[in-house]
Each structure stands twice: as structure tokens, then as C-alpha cells.
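Novice: After the C-alpha cells below, expect a handful of questions from me.
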Amino acid sequence: MTALTQAAAAATSDPRRWLALAVLLTGTLLPPLDFFIVNVALPAIRADLHASADVSQLMISMYAAAYAVTLILGGRLGDLYGRKRIFIGGLVGFGVASALCGLAPSPAVLVVGRLLQGISAAIMAPQSLASIHAIFSASEKNRALSLYGATFGLASVAGQLLGGVLVSTSPWGLGWRSVFLINLPIVVFAVPAAWVLLRESRFEHSARLDVPGALLLAAGLLALVVPPIEGREHHWPWWCMALLILSIPLLLVFWRYEKAQEIADRTPLVLPSLLAVHGLRRSLASTFFFYSLAAFFLVFAAYEQIGLAHDALASGLAILPLGIGFFLGPLVSPHIARRMGSRTAAFGMLLEVLGLVVVAALAVAGAPSWLALPLFLIGAGQGIALPALVRSNVDHVDARWAGLASGLVNATLQISAAVSVAMVGGLFLAIAPDGASAQDVRLGFALACLTIGAALALAAGLSWKRRANRTY
Numbered sequence: 019m020t021a022l023t024q025a026a027a028a029a030t031s032d033p034r035r036w037l038a039l040a041v042l043l044t045g046t047l048l049p050p051l052d053f054f055i056v057n058v059a060l061p062a063i064r065a066d067l068h069a070s071a072d073v074s075q076l077m078i079s080m081y082a083a084a085y086a087v088t089l090i091l092g093g094r095l096g097d098l099y100g101r102k103r104i105f106i107g108g109l110v111g112f113g114v115a116s117a118l119c120g121l122a123p124s125p126a127v128l129v130v131g132r133l134l135q136g137i138s139a140a141i142m143a144p145q146s147l148a149s150i151h152a153i154f155s156a157s158e159k160n161r162a163l164s165l166y167g168a169t170f171g172l173a174s175v176a177g178q179l180l181g182g183v184l185v186s187t188s189p190w191g192l193g194w195r196s197v198f199l200i201n202l203p204i205v206v207f208a209v210p211a212a213w214v215l216l217r218e219s220r221f222e223h224s225a226r227l228d229v230p231g232a233l234l235l236a237a238g239l240l241a242l243v244v245p246p247i248e249g250r251e252h253h254w255p256w257w258c259m260a261l262l263i264l265s266i267p268l269l270l271v272f273w274r275y276e277k278a279q280e281i282a283d284r285t286p287l288v289l290p291s292l293l294a295v296h297g298l299r300r301s302l303a304s305t306f307f308f309y310s311l312a313a314f315f316l317v318f319a320a321y322e323q324i325g326l327a328h329d330a331l332a333s334g335l336a337i338l339p340l341g342i343g344f345f346l347g348p349l350v351s352p353h354i355a356r357r358m359g360s361r362t363a364a365f366g367m368l369l370e371v372l373g374l375v376v377v378a379a380l381a382v383a384g385a386p387s388w389l390a391l392p393l394f395l396i397g398a399g400q401g402i403a404l405p406a407l408v409r410s411n412v413d414h415v416d417a418r419w420a421g422l423a424s425g426l427v428n429a430t431l432q433i434s435a436a437v438s439v440a441m442v443g444g445l446f447l448a449i450a451p452d453g454a455s456a457q458d459v460r461l462g463f464a465l466a467c468l469t470i471g472a473a474l475a476l477a478a479g480l481s482w483k484r485r486a487n488r489t490y
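According to the working numbering, the sequence shown is numbered sequentially starting from 19.
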């Protein structure tokens, strides 16, 4: 009996699997929630801690870089040492890091806390997706992944709204610190629940962690991810370009080392032969272009506050139709999948393209009151596509490699977010720099929407032409 068959058999006999899913979704909720929630709290943090603009930027970029770089390692740790054990360890680490952030007496301590938060989140997050792949049968997986997608969407949009509410209401006089300390009761509840409800799953054969491979990959990904995150803020200094160039030989050395490890019958961090599967490569490429939508949140906020002169609360409320669509989309995704099969992801992305084109037209025409419907289409399309795209990636691998596949998917999403924010944000700022007129801001926003739409159309094409699943 293969590992995948054993996992499916165990899933159907485990009556706690849906309760376990509720706990696993905590690991899906917290990482994006803590990325977006801090954006709203930054002005209050800067004022209270007397932080410079560069340091406040580090509070976001340090989390994003640490998260992106550590995701593949986090997924591999679950494969080797047990997904339940690593999930609980990541939760505890995230709680400790959140407490450090919430009690930080200085900007430097807060930046360190954000670094630890990013690492802990990357250790925790892949275990959710990997465990779903391992404990649910094929007939139940669409439903489980739809709830995964709904949680991801809810966290992405709710983070900004929750951050605004916490900072403005300042519960118990905590002010901005509440955006970090709110994680503690969630972690305190989730850790014992995970201990009781989750069953252990891991790679059947004992193996050691590929430490040299992990270090080489971390160095290569840091060199690739940090420039898009920091470059725009610092006007693309020489060291950003140097790091980008350096990332190529670092990743080549890593790839050759991993090939040598696999040939020697050791357990590399990333299996080169796994990525030789045509369908997985194509799905990961589609995933990369798919998350170009991450840049939309950046340019939409600027459009609302500068182009339309709305305040922060009104801007947060304006994104609600997208959030509603993002929440509902994954819930209907399984029903669409029954009709469209492997083309469900492409269908969702084409809905996003339609929504983005309409939003761009309305922005140029100066008709913001009609934005709700196309924003809903964008969110619904994202929500429909995400679970289907995730499944198209993880279904190409056996359950024993589920952690690695999960880490690859999440890392691809995060790298895509960093690159798209840098590229689309750079395009927007070239058209609408600081002090630009409202008309220029609207034009920049429209062109940014069309650029994101083009990337999503490419992702839809890659997903539509995807071959039938082949499991490695």
C-alpha cells in the first residue's frame, strides 16, 4: 500500500479530521493576518516608538523576507520530523515572537520580533496544507481546500480592517500593541487543541535534514527576495542590483548540490527529480503569476486615499466587496470543480481579469461608485482559483512529499508577492510619484490593474493547458 493510499484510508477512519482541520486553519490564518494587520498600525508604531521610515519599512520587509525564505525548510521539517510536532512548535514560536513584538520597548526589538514571527510562521504554515493533503481522501479534499482558501482570503482582507479597529479602539489601553498581543489567546487555545486533535504524519523513512542545502537555499532566496522588497523604498541602490545578480549563482550552486545529494541516495531539501514532473513545474509557474494580485492592495489603498481623497477607514471599507468575494469564492469552488475539473483555476483567474479590466475602466472614467461589483468579481475569482491551484500543485506528489510541495507552493506565492509589489508598485509610482495629481493617481492605478490582469491571464493560460495529473 502506498503512502497516499494509507493516508486516504486513515482519513476515512479518523472521525476527528474535520475538527483537526479547524486547528490546522489557525496556521493558515495567522501568517497573512499578521502581514496585513501591521500595515494599518505602522503610523501609530512610528509615533509611539519614534521610529524612522526605514525602520518602519523593516518591520514589514523583515517579516516578509523571513517568511518567504524559510517556507521550503518549514515544509521539509514537517516531512522529516512529523507535521503535528512541527506545527505545534511553529505555533509556540509564533506566540513567543508575538509577545516580543507586543511588548517591544524599541524599534530594534520590534524588528527582531518580526523576524522571529516570519520564521515561526514559515515553520507553521506549510504543515496545514501538507496535513490536508495527507489526512483527507480525494473525495473530501476539494471541500477541505475550499475552507483553506476561504481562511486565506479572510485573513488577507480582515487583517487591514482588524488592525484599524484595534488601533482606533485601543482595548485595555494597549494601542498598536494589541495587533500583536491578540495572537496570544489564539495560540493558547490552538496548541492544546492541536496536541489532542491532530494525528502525526511524516515521511516513512528516517532521514536527516539537509543543512547545507537549507543554508544555500536561504542565501539564494534572500538575495532574490530582499531587493524587490527593499529596492523601491531605497530607490534601487547598487547593493540591491548586486544581490539580484548574486542570487543566480547561489541558486545554481544549490541546485547542483541537491542533484548530487539525490544521486548519492541521500535526502536533499528539494528533490530535483520531483521538479522534473512537467505538470508540477507548470502549476508552480501558474502559481507565481497568479499572486500578482498582492500588488493590488498596495495601489488600491493609494487610489482610495490620494486619488479619491478618502480617509483610512473609508479605504478599508471600500475593499470589503473583494473580501466578501474572496471568502465566498472558495466555498463554491468545489461545485465549480465538479463541472470544470482541472480548468477551475483558470476560470477563477479569468473572472479576476474581467474584474480588473472593469476596475481600470471605472477609475479612468471617474466612476468609483460602481466599483463594488468588479471588486467582488476579483475576490470571488481569487477565491475560486486558489484552492484549485493549490490542489493542482500538491496532487502531483505523493503524500510523503506533501510538506515539500506545500513549502514550494507557499514560497512561490510569497516570492510572487514580493516581485509583483516591486514591479507594479514601481510602475504606479513612475506615473504617480509623491505629490502627483489625483488624475495621475487614477491613471497609474488603472495601468497597474491592467498589468496585474495581464499576469493573471498568463497564469490562466498556464493552468488551462495543464496536462493530466501525474504523481511523483
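Cβ atoms here follow ideal geometry from the backbone N, Cα and C, with glycine treated the same way.
Return the chain-ordered list of same chain residues with a C-beta closer than 7 Å to the C-beta of G249, the five sequence neighbours on each side being excluded.
Specialist: Around G249, the same chain offers C258 and A440 as residues with beta carbons nearer than 7 Å, after the five sequence neighbours per side are excluded.
Novice: Report the rounded CA-to-CA distance for A25 versus S155, giving the unit in angstroms.
Specialist: Below a pLDDT of 50, predicted positions are generally treated as unreliable, and A25, at 48, falls in that range; no measurement from the model is reported.
Novice: For a quick check, are the C-beta atoms of P144 and S424 less than 7 Å apart?
Specialist: yes
Novice: Can T169 and L47 be called in contact, C-beta distance under 7 Å?
Specialist: yes
Novice: What's the C-alpha gap between L261 and P189?
Specialist: Note on geometry: alpha-carbon atoms of L261 and P189 lie some 43 Å from one another.
Novice: Which same chain residues, not among the five before or five after L76, have their C-beta less than 7 Å away from its C-beta?
Specialist: Within the same chain, L76 has close Cβ partners V129.
Novice: Would you report the Cα separation of L556 and D413, rounded to the nearest angstrom?
Specialist: Given that the chain is displayed from residue 19 to residue 490, the structure contains no residue 556 and the question cannot be resolved.
Novice: Measure the Cβ-Cβ separation of N57 and A355 and say whether it is below 7 Å.
Specialist: It is not a contact, given that the beta carbons lie outside the stated cut-off.
Novice: May I ask you to report which of helix, strand or coil DSSP gives V185?
Specialist: Under the three-state reduction of DSSP, V185 is assigned to helix.
Novice: Three-state secondary structure (DSSP) at G100?
Specialist: coil
Novice: Express the C-alpha separation of L184 and F315 in angstroms, rounding to a whole number.
Specialist: 20 Å
Novice: Count the other CB atoms within 10 Å of the CB of F198; is the residue buried (16 or more) or exposed (fewer)?
Specialist: buried
Novice: Can you name the start and end residues of the alpha helix (DSSP H) that V4 belongs to?
Specialist: With the chain covering only 19 through 490, there is no way to say anything about residue 4.
Novice: Once you ignore the five residues that flank L2 on each side, which residues in its own chain have a CB closer than 6 Å to its CB?
Specialist: With the chain running from 19 to 490 in the structure shown, residue 2 is simply not present.
Novice: Starting from S351, follow the alpha helix (DSSP H) in both directions and report where the run begins and ends.
Specialist: L338 to M358
Novice: Assign F154 to one of three DSSP states: helix, strand, or coil.
Specialist: coil
Novice: So for T285, helix, strand or coil by DSSP?
Specialist: Annotated three-state conformation of T285 is coil, per DSSP.
Novice: Would you grab the beta carbon distance between R220 and R101 for me? Rounded to a whole angstrom, and I think it's under 8 Å.
Specialist: 6 Å
Novice: Check L326 in the structure and name its three-state DSSP category.
Specialist: coil
Novice: With DSSP run on the structure shown, which of helix, strand or coil describes L389?
Specialist: coil
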